[in-house]
Amino acid sequence: MIKHSLKGDTMQTITIDEAPRHVGDEITLRGWLYNKRSSGKIMFLQLRDGTGVIQGIVTEPESPEMFAIADRLQRETSIIVTGTLREDKRAPSGCELQLSTLKVVHEPTEAFPIELTEHTPAFLMDHRHLWMRTGRQVPILRIRDAVFRALRDFFHEKGFVATEAPVLTGTSVEGTTTLFEVDYFGEKAYLGQSGQLYLEATAMALGKVYWIGPVFRAEKSKTRKHLTEFWMAEAEMAYYDHTDNLRLQEEMIAYVVDAVTTERKTELEQLKRDIDLLREEVTLPFPRIDYADAVKLLQNAGHDVSFGDDFGAPQEATLGDHFHKPVFIERFPVNMKPFYMKRDPQDASRVLAADLIGPEGYGELIGGSQRADNLEELIAQMKEKDLPLQPYEWYLDLRRYGSVPHSGFGLGVARTIGWICGISHIRETIPFARQLNRLYP
RNA sequence: UCCUCGGUAGCUCAAUUGGUAGAGCGCUCGGCUGUUAACCGAAUGGUUGUAGGUUCGAGUCCUACCCGGGGAGCCA
42 MIKHSLKGDT
52 MQTITIDEAP
62 RHVGDEITLR
72 GWLYNKRSSG
82 KIMFLQLRDG
92 TGVIQGIVTE
102 PESPEMFAIA
112 DRLQRETSII
122 VTGTLREDKR
132 APSGCELQLS
142 TLKVVHEPTE
152 AFPIELTEHT
162 PAFLMDHRHL
172 WMRTGRQVPI
182 LRIRDAVFRA
192 LRDFFHEKGF
202 VATEAPVLTG
212 TSVEGTTTLF
222 EVDYFGEKAY
232 LGQSGQLYLE
242 ATAMALGKVY
252 WIGPVFRAEK
262 SKTRKHLTEF
272 WMAEAEMAYY
282 DHTDNLRLQE
292 EMIAYVVDAV
302 TTERKTELEQ
312 LKRDIDLLRE
322 EVTLPFPRID
332 YADAVKLLQN
342 AGHDVSFGDD
352 FGAPQEATLG
362 DHFHKPVFIE
372 RFPVNMKPFY
382 MKRDPQDASR
392 VLAADLIGPE
402 GYGELIGGSQ
412 RADNLEELIA
422 QMKEKDLPLQ
432 PYEWYLDLRR
442 YGSVPHSGFG
452 LGVARTIGWI
462 CGISHIRETI
472 PFARQLNRLY
482 P
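With the first sequence counted from 1, adding 41 to any position gets you the numbering used here.
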């Protein structure tokens with residue numbers, strides 16, 4: 042609400058999501074014409090403003106001039122309307138606006154390209170800047186906002202400090218083949234694919250830290266689960282061991298789902314998401330399964346996997362279906378994972394790492410581990426992977442000056458949003474997806 | 001990089017064995033006082049992805065290339 046009369050009577054400007062609280066009031070709405078239907082001398086204007094869609098009514102006998110103007114308006118004309126709100130079962134949203142004034146702000150010069158009927162994904166992605174105004178896209182992006190806010194609230198309540206990792210880096214965490222290279226004043230630099238190493242340093246300064254930021258992977262992946270630029274929520278905690286790490290992760294997921302299903306219930310319903318199922322999936326604790334047991338489970342389910350294999354999409358789907366919940370796969374063989382993970386003291390062939398596999402086929406939501414904190418062990422692990430020590434001297438310093446047990450993880454935000462929304466492709470979870478064949482718009 | 005499917009009107013798709021390229025939607029016009037992606041009627045709309053080949057004749061068959069969808073691998 043922008044202006045409020047003390048008498049509560051005239052010309053309040055409200056947003057559409059506030060409409061149910063203003064039934065009987067004369068109000069102003071500012072938005073865009075989403076669609077138009079008419080039957081002879083009565084016209085139904087579907088108005089959207091980013092918070093929702095509401096129906097406006099114009100009839101010819103009562104207001105012939107306004108009817109004539111409304112009659113010629115195309116979809117996505119920007120308009121400001123005033124009128125009286127009233128309940129009506131026949132209206133799509135349960136209430137509607139009897140228009141008293143209609144002001145045209147801008148009329149489109151051409152027909153709006155996004156029709157309300159079917160389009161191909163390629164066409165929609167080419168028109169992403171316009172597609173995002175329509176249908177499911179508005180609720181999805183509002184849920185994205187709620188997910189980000191829930192993550193920040195969670196970390197704040199847990200005493201974490203928000204921090205940042207640099208996007209431009211001179212070294213890579215896991216190989217340069219998947220890095221975007223940029224020219225940095227004649228030197229090679231790369232767009233960061235993880236903030237983890239930097240967050241380890243920051244955690245030694247601040248205790249518990251997190252950042253939510255973009256990371257970049259130059260992988261030529263063409264799947265519903267991959268983007269080349271995506272947002273990760275990464276956390277790093279001093280004095281947290283592997284068990285503490287998993288407990289924090291599951292609490293975070295449950296917190297986010299609880300917050301989003303409460304705050305964005307309307308949007309989830311618009312997406313036809315089964316909210317009860319979603320809430321049931323995140324009851325704590327999440328199952329934990331040893332990597333070796335996961336291999337056996339998959340073998341019994343008919344998968345051709347053996348110890349030492351990474352799990353592909355079909356295997357992840359089987360695990361998700363088996364538990365009907367997010368499930369931690371823990372203690373992977375060392376050769377499957379990067380150099381910085383801590384070896385399991387009980388079995389040096391395994392690392393204290395866990396991936397969180399989402400239910401319903403959404404794949405890996407989180408990858409995390411306890412980090413190697415002993416200098417000699419870390420150097421030995423780097424040598425096993427043929428990594429040069431020099432670029433990592435600053436990282437090794439963290440093990441030279443007051444090293445402590447510490448753990449962390451990275452959450453794929455887009456995949457999490459895709460799972461919460463129940464949509465099949467994560468390109469719809471970000472305003473402007475960057476993919477193998479997609480750099481426009 | 002590999003597998004697979006596809007490219008025909010602005011959009012989504014059809015077109016029999018190789019034989020006159022069509023429909024729905026959108027835009028435009030007309031009709032309808034409760035529409036729900038409204039409905040009904042009319043009109044508009046084409047270098048069939050590109051290049052070459054076979055043929056009396058190619059959207060259809062052949063070759064090469066380009067672009068895209070889905071999936072795999074890799075990963076979050």
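Glycine is no exception: its CB is placed at the ideal position from the N, C-alpha and C atoms.
Inset, instruction - Please list, in chain order, all residues of the same chain as residue 129 whose beta carbon is under 7 Å from its beta carbon, the five residues on each side excluded. - result: 136 and 137
Legend entry - In DSSP terms, what residue 80 is bridged to: 83
Legend entry - For residue 117, the three-state DSSP class (helix, strand or coil): coil
Inset, instruction - Below 6 Å CB to CB, which residues in the same chain sit around residue 89 once its five sequence neighbours on both sides are set aside? - result: 72, 73 and 75
Legend entry - In DSSP terms, what residue 122 is bridged to: 70 and 143
Legend entry - Length of the line joining the Cα atoms of residue 104 and residue 207: 60 Å
Inset, instruction - Quick one: which unbroken beta strand (DSSP E) runs of 3-plus residues sit fully inside the segment 218-299? Chain order, please. - result: 222-225, 228-232, 249-257 and 270-279
Inset, instruction - Please go through the same chain and pick out, in chain order, the residues whose beta-carbon is closer than 8 Å to the beta-carbon of residue 144, but skip the five residues on each side of it. - result: 120, 121 and 122
Legend entry - Any 3 or more C-beta pairs closer than 8 Å across the segment 174-191 and the segment 457-465: yes
Legend entry - Classification of residue 435 by the beta-carbon crowding that lies within 10 angstroms, buried from 16 upward: exposed
Inset, instruction - Using only alpha-carbon positions, find the residue among 394, 345 and 350 that is nearest to residue 330. - result: 394
Inset, instruction - Just the C-alpha distance for residue 301 and residue 118, rounded to the nearest angstrom, thanks. - result: 32 Å
Legend entry - Residue nearest to residue 244 in terms of C-alpha spacing, selected from 446, 334 and 424: 446
Inset, instruction - Count the other CB atoms, across all protein chains shown, that sit within 10 Å of the CB of residue 308; report buried if there are 16 or more and exposed otherwise. - result: buried
Legend entry - Stretch pair the segment 413-430 + the segment 463-477: three plus CB contacts closer than 8 Å: no
Inset, instruction - May I ask which residues mark the beginning and end of the beta strand (DSSP E) holding residue 174? - result: From DSSP, residue 174 is part of no beta strand (DSSP E); its letter is neither H nor E.
Legend entry - Exposure label - residue 55; buried when at least 16 CB within 10 Å: buried
Legend entry - Through-space distance from residue 109 to residue 175, alpha-carbon basis: 26 Å
Inset, instruction - With DSSP as the reference, label residue 382 as helix, strand or coil. - result: strand
Inset, instruction - For my contact list, residue 327 and residue 291 are in at a C-beta cut-off of 8 Å; report their separation, rounded to the angstrom. - result: 5 Å
Legend entry - Cβ shell of residue 413 (< 7 Å), same chain only, five flanking positions each side left out: 381, 382, 383, 419 and 422
Inset, instruction - Assuming residue 448 contacts residue 402 (C-beta within less than 8 Å), just tell me the rounded distance between them. - result: Their Cβ separation, rounded to whole angstroms, is 28 Å, which puts residue 448 and residue 402 out of contact at 8 Å.
Inset, instruction - Please report how far the alpha carbon of residue 171 lies from the alpha carbon of residue 353, in whole angstroms. - result: 35 Å
Legend entry - Straight-line gap, residue 438 to residue 238 (C-alpha atoms, nearest Å): 12 Å
Inset, instruction - Would you kindly work out how many angstroms separate the C-alpha atoms of residue 7 and residue 374, rounded to a whole number? - result: Missing from the structure shown is residue 7; the chain here goes from 42 to 482 and no further.
Inset, instruction - Note down the Cα distance separating residue 153 from residue 297, rounded to an integer number of angstroms. - result: 36 Å
Inset, instruction - Please go through the same chain and pick out, in chain order, the residues whose beta-carbon is closer than 8 Å to the beta-carbon of residue 65, but skip the five residues on each side of it. - result: 125, 126 and 127
Legend entry - Through-space distance from residue 232 to residue 479, alpha-carbon basis: 18 Å
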